[in-house]
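Trainee: Residue numbers for the sequence shown follow the working numbering, so the first one is 5 and each next one is one higher.
All C-beta atoms, glycine included, are put in the ideal place defined by N, C-alpha and C.
Once you've had a glance at the structure underneath, I'll fire off some questions.
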Amino acid sequence: MAGNGVKSTEVDQVSTVDDLLGNKDGSSGRIVIDNLANQLVGSGPLAARFNDVESQILSGLIPAASWAGLLTLSPSVDEQGAEVPDSDGGTHAQATATGYDGATVPNAGRFRWNLSWGRWVWVTGTGLSAKANTADLGTAASEDVGAFATAAQGAKADTALQPADATSFASAAQGAKADTALQPSDAGSFASAAQGELMDALGATVTRQDTRAELQAAFSSALTGADRAKIAIGAAANNSDLGAVWRLDGAEASGGFQDIAPRREIAVEAGRVYRVRVSFVRSTDPADPSGHTIELRMQNLTAARANLSNVQVHDFGAVAVADGVQTHEVIFSRDAGQEYQNPATTRYALPYLRVYGGDHQTDVALIELADITDLAATNATLASQATSISGNTAAAGTNAAAAAANATAISTHTARVDNPHGVTKEQIGLGDAPNVPAADLRDRATHTGTQAPQTVTSLVSTLVKIATDLSGVNGRQDAPITLEGGAHPWSSLIPELVYALADGDGNFGLGVDVDGDLWAHVIRVLGGIVAETFEVNRDGSEYAFAIVDANDHLGFAITHLATALLGGAVEIGGESDWDIAVIDSDDNVGWGIKGGVVYAPGQSLDQGGIADLDRRNKAFSESIAQTAIQGVQLPTAVYNGIICYGQSLAEGNQSFPSLSKTPEPGALMVGDNVDNVNTADTYGIIGTLQFNPLVAYTNNGTVNLTGAEEDALNPGSQHKGEPPVIGLTNGLKRYMNRRALAEDDGRNLVAMSPAIGGKTIEELSKGELNTVDEVDRYSIVTDGIDKLVTLAGADTCVVSAFLFMQGEFNYNNHGGTRLRDEYAALQRAMFDNLTEDTMSRTGQALPPLFLTYQTGASYTRDEDENGDPGLHVGMAQMDVDLERDGVVMVGPIYPYPDRGGHLSSNGSRWFGHMAAKVARKVLLEGQDWQPIRPIEIQQTDKTILISYHVPVPPLVFGPTYVVATPTEYDDKGFRVTSADGETEYTILDVSIVADTVVQITLASAPPSDALVWYADYTNHFGNGNLRDSDRSVAIDTYEYVPDRGAYAEDDIPELVDKAYSLENWSSAFCRPITYTEF
C-alpha cells in the first residue's frame, strides 16, 4: 500500500550481498548472487566482452612473414598463437566453422589456431603499427647484396667471355657453395635481401630473442618445467672480446658441472628446421682443462615441458683461455637430414651449455634459438644454383685443368679424394666405419716409441681399380723395374700418383696412378726377403697378379675382378680382435685398426684410443636412454599396485625405527601396515581390510608399535619398520603428482610387501619350482592381489610394478641352487608366473614392470657350488636384466648404510627412492634403463681399460657405506685373477682416464684368460667405490631419531637432514679380460 513499508533509499548500504530482488516475466523474485553471476557471464554485453578478452589470450606466438605464409602452417596444439607483421597490408575473410567465409579482416595481426576447424582465426591487430619497422634494415641489406649480386653477375659474364679464367671462377663458385652449405645464416641473409619481406620477419623474430647476457632473466639452470626460474649461479660481467656476458664461476658447481640454458625453449614441429648458436670464452682456466670439457646439449621436452631425453650434440673439449672465443651452431629438426634429429615425440627443444669443472670462469655471451625453415630452403636453392654455375664453367676450363694436371708434382695429389670407379665403403665392408677428420689422422700418424719415429705426412688416399699389365714380365724380377728407359727421379717420371709407399729417404717402393696402373720398384716383404713376381696365365687362373714364396704360398694377389688378397703376416677381418693388423711371426701386432681406432708402434691403447672409446661408450649409453620401453602396464588405473617381493631386505628386516610418517597424497596401503604378517598361503594384514594412507610403522607381527616401544627394542632386533616399498611408492607418487601439477593426480598407488625373509628363490617360487620344501609362500602374493582387486570394487585396478629383492640365500648354501644359469632360469620363471597370475586377476592388458636389484655387500660369494669363480647370483641377475625388455635392474645394494647385512631404516628407504627414480624413467618417461656396468675390457701388457655404460657421466670414485662407515678402497673395489680365481695379480693403480673409462695398472701382465672383478667378497666384502655424477635427490631426507630407537651409528653427520642422493653405482661383476659387447 502506497506510503507503507521501507524505501530502498533508506536501507543501509552494504559491500556485498547474498541475493537480490528482481522481476522476470511480470513476477517478482529473489535471485542468489551465484546465479546472477552465471546469468551475467552466460550471455549479453558482459559475456560478449569476456569472450572477446578470452579470444585474445594466446599461447607462444609463431611469427609468419605474411598471411600466405601463415596458411602453410598447421599446428597440432589448439589455441596456438601466431602473428603476421603490419607489412602485409592485404585482407581476407575471417575463419568460421565452415571455412574462410566470414567478415573481412586484415592480413596483419594476431591469430589463434582453432584445431577443430583447422583454420587461423584473426584475433586483433599487432599493436605495432607505429613501431620502427625493419624496412630500413632490409633496404640497406638489399642495396648491399644488390651490389654484390651485380658484381657476381659481372664475374659470371667475364667468365663466359674468357674461358681461360674459368678454372679460377669455378674454384670461387665451389668455395661459395661450400660456405653456403655450412653457414645457412649467410645464405639466409642473401635470400632475405632477394625476397624482401623475409628480412622484416627475421627482424621481428630476432627482437624477441632475449638471449644477451646483460639480462639475467635470459638464462636459467633449470631444464624442465613451464616456468623455469632465472639463473641463480654466476653473475653479469664484461668481456673484452664479447662485451656483456654471463660469467659462470666453477666454485658454484654442484655435482661437478653447471648448466646454462635460455629461459625460452623453442616449439618444434615436423617439417621445420631450427638453429642454435652459442658463443662463449674461458676467462680463467681450470687447473686441469683436459678433464673439464664444455658440451652443447639438447634437452628434448614433452608437451608438458617434462623431460623426454637429454643428449650431447657437440663436445667443445678442453677449452682454455688461449683458445679464444668459441662459437658454434647446430641445425636441428624433428625430420632427418639435419645435424641433430629430435625424437619424433619432442614438442619443445632446449639447447644449452654444460660446463664441467670446479675451478674455472667461463663467460657465456649467447645462446640463440631460431626457426630457420625459410632460410634453409633458400640455402638449398643457392646450393643448386652454385652447382649449376660450377657445371657451366667446367667445360670452359677443361683444357686449362688438363694442362695443370700434367704439370703437377706428386705432392699436389696427396690429398686427392675423388673416387673415379665409384667404390663405396659398403662394398668393402666399411659401411659403419666413421669418417675421421684429417687433423685426427695426422695426430695418430706420428708416434714415437722404442723404434725410430714413424711419420706419415698424409693418410688420405683414393679407392681405385688396380689394372696392372704385366704381359711383358716373365718369371722373377730381382732388379728395379726400369721406368721410361732410364734411372730418373721417380716423382717426375710417374705423373698423377694417388697413392704411394716410400721409405724415410723418399725412395719409391709402390704406387698407383690415376688410371689405376700399379707402379713398382723392387717388391720386398718383411725382413728384406725378395718375393717372386710373375704373371698368371689368365686363361687358367683367377689371379691377374700375385706374389708367392718359393713354395707357392700366396702372399698378395689381385683377381681379375680387382679384388686384393693378402696372406701371411697381414690379416684383414676373419676371426680376429683386429679389423686390420700387421703382425710378426710371433703374432705380435705392429700396426692395426680396431673398432675404427688406429694403433701404431709405440702407441698403446691409452695413448690413442681413450677419447674414441669414451665417445663410443657415450653413444652406447645414449642409445639406451633413447630406447622406448613399451609393453608394460602404466599406472593408469584408479588403483595401481606396487608390490615388493623377495626375502629379508625386501620386507625391511631390522629397518626400525620407522621414518615415513607424512603420507604422500594418493599413496596407500592395505590395512594399518604395509607389511604382510603371514608366512604362507594368504596375505596377512594388521587392522581392518581397507585402503589407508601409506605411513610407516614398526610392528611385532600383530600390532603396530609406538615410538616408545620402538625405542625399547634391542639393537639387532629383526623388527620391520621401513620396507623399501614405502620409499618406492612415495617417490613414484610424488613424481606423478608433480607431472600433473596437482596435489594428487587421482591415480592411487597401493604399496604391498608380501616378502618373506630367509628364503631361497625356490622357496618363494610357485608350485613345483619350490624344490626345497612344500610350503606355499607364492600364494601370499596372489592373495594380496586378490585383496587389492576386492577393495578396488568397481574402480579400475592393475599392478604396475614388482620390485624383486632376493638372492642372499642363493649366494650361500641354504638348499637352493648356487649356479648362475639355474638361478637365472628360476628368476625368469618367477617373473613369468607373476605376470600370468597378475594379469588373470586384474584383467590388465599388459604385464607389470619388474624392477630388480643386485644382491651384494656381505652376502656376496666369489664361488658357486662347484667351486667355480664368478659372482653367480649377481651375474645371473644381470643376465636376466639385459635379455628382457620388461625387466630393469635398479642397481646394486652395497652403497647404502646397513646393519651388517640388512639395510638400516634410512638405507632401506634410500634404496626405495632409487627404485622410484628408475620406475619414473621407465613408467612415466618411457625410457630404457641399465645400471652402470662394463661393456668392454681391453688389456695391453700391464694395463687394463674398462669401458662403461654410464647413465650420467663422468664416472667418479666415492666412499661406500660398510655398515655405517664411509669406506674407500685403494683399488676402488677391483681385483684381477687367473681364470680359476686362484692367482691374484697385484694392482698398482686404478684411475678414471675418461668420463666412461677406468684404467687398471698391474705389477705384471696377466694371462689372456684372466678375470676382472669388481665388488668381490674376498677383498672387498661385496663393495666398491665407482659411481656416476647423477645429481638427482629424493623427496625424503636422512633422519636420525634416537628417541625412537635409532642406533648410535646411524648418526652420520655428512648425511643427517640431507636429501638422499641418487647417484648410480657400478654393478658388481666378474668378466673375462677380453669381454666386449662390440
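Please classify Arg-34: is it buried, with 16 or more other beta-carbons within 10 angstroms of its beta-carbon, or exposed?
Mentor: Arg-34 is exposed by the Cβ-count criterion.
Trainee: Using the Cβ count rule (16 or more neighbours within 10 Å means buried), how would you classify Ala-491?
Mentor: Per-residue confidence for Ala-491 stands at a pLDDT of 37, beneath the threshold of 50, marking its modelled position as unreliable; the derived number appears in the next sentence. With fewer than 16 Cβ atoms within 10 Å of its Cβ, Ala-491 is classed as exposed.
Trainee: Exposed or buried, what is Pro-1046 when buried is set at 16 or more other beta-carbons lying within 10 Å of its beta-carbon?
Mentor: Answer is exposed; the Cβ neighbour count stays below 16.
Trainee: Keeping to the same chain, check which residues put their C-beta closer than 8 Å to that of Lys-665; ignore five residues upstream and five downstream.
Mentor: The answer, listed in chain order, is Val-699 and Ala-700.
Trainee: Only counting the same chain, and skipping five residues up and downstream in sequence, which positions put a Cβ closer than 6 Å to that of Ala-654?
Mentor: If we look at Ala-654 and ignore the five residues flanking it on each side, its Cβ neighbours are Cys-648, Ala-759 and Met-809.
Trainee: Thinking C-alpha only, which one of Gly-341, Asp-327, Ser-283 and Arg-309 is nearest Ile-371?
Mentor: Cα-wise, what sits closest to Ile-371 is Ser-283.
Trainee: Alpha carbon to alpha carbon, what distance is there between Thr-366 and Thr-288?
Mentor: If I take the Cα positions, the gap works out to 7 Å.
Trainee: Is it the case that the Cβ atoms of Met-302 and Pro-355 are separated by a distance below 8 Å?
Mentor: Cβ distance < 8 Å, so Met-302 and Pro-355 count as in contact.
Trainee: Can you find the residues in the same chain that come closer than 6 Å, C-beta to C-beta, to Gln-831, ignoring five residues on each side of it along the sequence?
Mentor: Only Val-884 meet the Cβ criterion.
Trainee: State the start and end residues of the unbroken beta strand (DSSP E) segment that holds Arg-1075.
Mentor: 1073-1076 is the span of the beta strand (DSSP E), which, as asked, contains Arg-1075.
Trainee: Check whether the Cβ atoms of Tyr-815 and Thr-859 sit closer than 8 Å, and answer yes or no.
Mentor: Result yes, Cβ atoms of Tyr-815 and Thr-859 sit closer than 8 Å.
Trainee: For my contact list, Ile-991 and Val-1001 are in at a C-beta cut-off of 8 Å; report their separation, rounded to the angstrom.
Mentor: The pair is not a contact, with the Cβ atoms about 16 Å apart (cut-off 8 Å).
Trainee: Is the beta carbon of Leu-853 closer than 8 Å to that of Ser-804?
Mentor: Yes, the Cβ-Cβ distance between Ser-804 and Leu-853 is below 8 Å.
Trainee: From Met-918 to Phe-1073, what distance separates their C-alpha atoms?
Mentor: Straight-line Cα distance between these residues: approximately 20 Å.
Trainee: How about Ala-746 and Tyr-827: are their beta carbons less than 8 Å apart?
Mentor: No, these two residues do not count as a Cβ contact at 8 Å.
Trainee: Answer yes if the stretch 793-803 comes into contact with the stretch 767-775, meaning at least three C-beta pairs across the two stretches below 8 Å, and no otherwise.
Mentor: No, the stretch 767-775 does not touch the stretch 793-803.
Trainee: Using 8 Å for Cβ pairs, my map puts His-296 next to Ala-322. What's the rounded Cβ distance?
Mentor: Their Cβ separation, rounded to whole angstroms, is 7 Å, which keeps His-296 and Ala-322 in contact under 8 Å.
Trainee: Excluding the 5 residues preceding and the 5 following Ala-1063 in the sequence, name in chain order all residues of the same chain whose CB lies nearer than 6 Å to its CB.
Mentor: Cβ neighbours of Ala-1063 beyond the five flanking positions: Val-1037, Ala-1038 and Thr-1041.
Trainee: Taking Cβ positions, are Leu-792 and Met-756 nearer each other than 8 Å?
Mentor: In this structure, Met-756 lies closer than 8 Å to Leu-792 by Cβ.
Trainee: Among Ser-337, Gly-341 and Arg-358, whose alpha-carbon lies nearest the alpha-carbon of Ala-348?
Mentor: Checked all of Ser-337, Gly-341 and Arg-358; the closest Cα to Ala-348 is Ser-337.
Trainee: CB-CB under 8 Å to Gly-113, same chain, minus the five flanking residues each way: which ones, in chain order?
Mentor: The answer, listed in chain order, is Glu-87, Val-88, Trp-126, Val-127, Thr-128, Gly-129 and Thr-130.
Trainee: According to DSSP, simplified to helix, strand and coil, what is Arg-268?
Mentor: Arg-268 falls in the coil class under three-state DSSP.
Trainee: Quick one: does Arg-358 have its CB under 8 Å from some CB of chain B?
Mentor: The structure shown contains no chain B, having only a single protein chain.
Trainee: Measuring alpha carbon to alpha carbon, tell me which residue in Pro-697, Ser-995 and Leu-907 is nearest Asp-748.
Mentor: Checked all of Pro-697, Ser-995 and Leu-907; the closest Cα to Asp-748 is Pro-697.
Trainee: What span of residues does the beta strand (DSSP E) with Leu-312 cover, start to end?
Mentor: First-last of the beta strand (DSSP E) with Leu-312: 311-321.
Trainee: Please identify the residue among Asp-679, Glu-929 and Asn-741 whose C-alpha is closest to the C-alpha of Ala-671.
Mentor: When each option's Cα is compared against that of Ala-671, the closest is Asn-741.
Trainee: In whole angstroms, what is the alpha-carbon distance linking Asn-39 and Pro-49?
Mentor: Cα to Cα, Asn-39 sits roughly 17 Å from Pro-49.
Trainee: Rounded to a whole number of angstroms, what is the C-alpha to C-alpha distance between Thr-1005 and Lys-946?
Mentor: Rounded to whole angstroms, Thr-1005 to Lys-946 spans 6 Å at the Cα level.
Trainee: Tell me the DSSP secondary structure of Gln-630 in three-state form.
Mentor: Helix at Gln-630.
Trainee: Are three or more beta carbon pairs between the stretch 950-958 and the stretch 1051-1065 nearer than 8 Å?
Mentor: No, they do not touch.
Trainee: Assign Trp-1069 to one of three DSSP states: helix, strand, or coil.
Mentor: In the structure shown, Trp-1069 sits in a strand (DSSP, three-state: E or B).
Trainee: DSSP state of Arg-979, grouped into three classes?
Mentor: Strand, per DSSP.
Trainee: Per DSSP, which one or two residues make a beta bridge with Thr-842?
Mentor: DSSP, once it has assigned bridges, lists no residue as partnering Thr-842.
Trainee: Can Phe-624 and Ile-941 be called in contact, C-beta distance under 8 Å?
Mentor: Result no, Cβ atoms of Phe-624 and Ile-941 do not sit closer than 8 Å.
Trainee: Anyone know if the C-beta pair for Glu-4 and Arg-738 falls short of 8 Å?
Mentor: One cannot answer for residue 4 here, as it falls past the ends of the chain, which runs 5 to 1082.
Trainee: Report the residue from Val-334, Thr-331 and Asn-870 whose alpha carbon sits nearest the alpha carbon of His-817.
Mentor: Note that residue 817 corresponds to Asn in the displayed sequence, not to His. Comparing Cα-Cα distances from Asn-817 to each of Val-334, Thr-331 and Asn-870, the minimum goes to Asn-870.
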